[in-house]
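Going by the working numbering, the sequence shown opens with residue 4, and the numbers climb by one from there.
Yeah, the Cβ is synthetic: ideal placement off N, Cα and C, and Gly gets one too.
All figures in this text were calculated on a predicted structure; none of them were measured in a lab.
For reference, the structure is listed below as structure tokens.
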Amino acid sequence: MHNSANEINSVEDAARKAESSTLFSPKFYRTDYEAMNKLNIEPVRAEWDAMMAEYEGDNNHDHFQRDETFADEVRELMPKLTPELRQEFLDFLVSSLTSEFSGCVLYNEIRKHVENPDIKQLMTYMARDESRHAGFLNSALKDFNLGVDLGNLKRSKKYTYFKPKYIFYATYLSEKIGYARYIKIFRQLEQHPEKRFHPIFRWFQRWCNDEFRHGESFALIMRANPGLLKGGNLLWIRFFLLAVYATMYVRDHTRPELKQAMGLEPSEYDFEVFRITNEITKQVFPIMLDIDHPAFRSGLEQLFACTQKANAGREAGGVVGRARQAYWAVAGALKFVQMYFIPVKSHALPNTVKMVPAW
Ligand SMILES: [Fe+2]
Ligand SMILES: [Fe+2]
């Protein structure tokens, strides 16, 4: 993490980081717009209309603006950061910006390509929210003269094609886990304001309510199309749950100082986030990962160790380095497969889908 090759010291570094496509970096997606156009949400009409009214009400329309003290806080707090923490924070800003903008681009593309009024309206609202989120993060980067040219990122980033159902599983999870991550940080810094090393964290509560609502939208789409939530699709849901949880664990452990500076222990924080996400996803997935299974925790630790060793191999370079990188990448993949077979927990789906962000 702290080798100079990975550091963000210039706009070019920030752009390169946002553009990079590794296993653990946020991706941009394309999908089948014709299939999106055919979606039917009638079975959840009442809950859907209530949600649309919430979007329409737009209770965060004035939230993503800086207050008078923002700039002073940045000036006062930033010089106190260690170089390691500063790098981890910049990395956090760039990767968060990339994933917010990824949502913005995807929702906008779907909006442009569908006629289905329900889907079009939803995508318009979600793109609106994600564009505010991305803009707010980018303004934080601009304080460091590290703003990312989003138009350029949109053109040059590699896109991954996902069938609509994979979009639903993956984005539903990333919206909900995003909510859980932000609310845990907000609650922690609410109790320990002396550990709030940047003003942006004061925005997290109302911010993550947007993400919660985005997740609700995908939950309703999936519940309206129950075929997505049974049979062979349960194997995909299981895969996405593990992929999203494992990615978060590896990323958080790659930048441990960020959580430590907030007074959070990365593993504890991650397991709290898993617990909240498990609780929320009961609304839509009939299975959840058994995060208390001893093989789950040790599996994540080993997976992280494999990625560290693979990275060390890559950094060492040369034939030996590349061989070590390949070896540990395969070891990591095998560990992932092993974890996939840890038994999951099953439950019946509730009649009412909608939940409130009560954490
Ligand atoms: Fe967002
Ligand atoms: Fe979102």
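Cα-Cα, which of the options is closest to residue i?
i, options, result
"Lys357", "Ile224, Glu219, Glu260, Ala336", "Glu219"
"Leu109", "Arg89, Pro120, Asp132", "Asp132"
"Ser105", "Lys338, Asn62, Val347, Ala137", "Ala137"
"Ile224", "Ile186, Ile170, Pro196, Phe274", "Ile170"
"Ser159", "Lys348, Phe243, Ala21", "Ala21"
"Val253", "Ala17, Arg241, Tyr272", "Tyr272"
"Pro46", "Ala336, Glu59, Trp210, Thr355", "Thr355"
"Pro82", "Asp121, Arg69, Phe200", "Phe200"
"Ala2", "Phe27, Pro202, Met265", "In the structure as shown, the chain begins at 4 and stops at 362. Residue 2 is therefore absent and cannot be evaluated."
"Lys348", "Ala319, Ala334, Lys285", "Lys285"
"Val359", "Ala222, Phe243, Ala319", "Ala222"
Considering just the uninterrupted stretch of the alpha helix (DSSP H) at residue i, what are its terminal residues?
i, result
"Thr101", "86-116"
"Phe299", "297-319"
"Arg278", "269-284"
"Met126", "120-145"
"Ala76", "Sequence inspection shows Glu at residue 76; the Ala mentioned does not correspond to that position. 73-80 is the extent of the alpha helix (DSSP H) around Glu76."
"Asn40", "36-40"
"Trp51", "48-60"
"Asp16", "14-22"
"Gly154", "153-159"
How big is the Cα-Cα spacing for residue i and residue j?
i, j, result
"Gly234", "Leu93", "42 angstroms"
"Gly181", "Arg216", "11 angstroms"
"Glu193", "Arg327", "44 angstroms"
"Ser270", "Phe277", "10 angstroms"
"Ser134", "Thr127", "11 angstroms"
"Asp146", "Tyr164", "34 angstroms"
"Lys198", "Glu282", "28 angstroms"
"Gly324", "Lys30", "27 angstroms"
"Leu303", "Glu71", "42 angstroms"
"Pro196", "Val151", "29 angstroms"
"Pro259", "Leu237", "33 angstroms"
"Arg69", "Val287", "36 angstroms"
"Ser142", "Tyr32", "24 angstroms"
"Ala298", "Arg184", "23 angstroms"
"Asn63", "Leu144", "22 angstroms"
"Leu80", "Glu91", "15 angstroms"
"Pro261", "Asn43", "One point to set straight first is that residue 261 is Leu, not Pro, in the sequence displayed. Their backbone Cα atoms lie some 42 angstroms apart in a straight line."
"Ile290", "Arg241", "8 angstroms"
"Met251", "Arg209", "22 angstroms"
"His5", "Asp16", "The predicted position of His5 is uncertain, since its pLDDT is 46 and thus under 50; a value taken from the coordinates is nonetheless stated next. Distance between the alpha carbons of His5 and Asp16: 14 angstroms."
Pull the bridge partners of residue i from the DSSP assignment, please.
i, result
"Lys166", "DSSP output for Lys166 lists no bridge partner at all."
"Ile203", "None, per the DSSP bridge assignment."
"Met291", "Lys348"
Ends of the beta strand (DSSP E) at residue i?
i, result
"Arg254", "Premise fails: Arg254 lies in the alpha helix (DSSP H), 236-257, not in any beta strand (DSSP E)."
"Phe31", "31-33"
Note to self: Does the structure place the stretch 241-253 close enough to the stretch 172-188 that three or more beta carbon pairs sit under 8 angstroms?
What the structure shows: yes
Note to self: Whether or not the stretch 285-294 and the stretch 305-318 are in contact is what I'm after, with contact meaning three or more pairs of Cβ atoms, one per stretch, closer than 8 angstroms; do they touch?
What the structure shows: no
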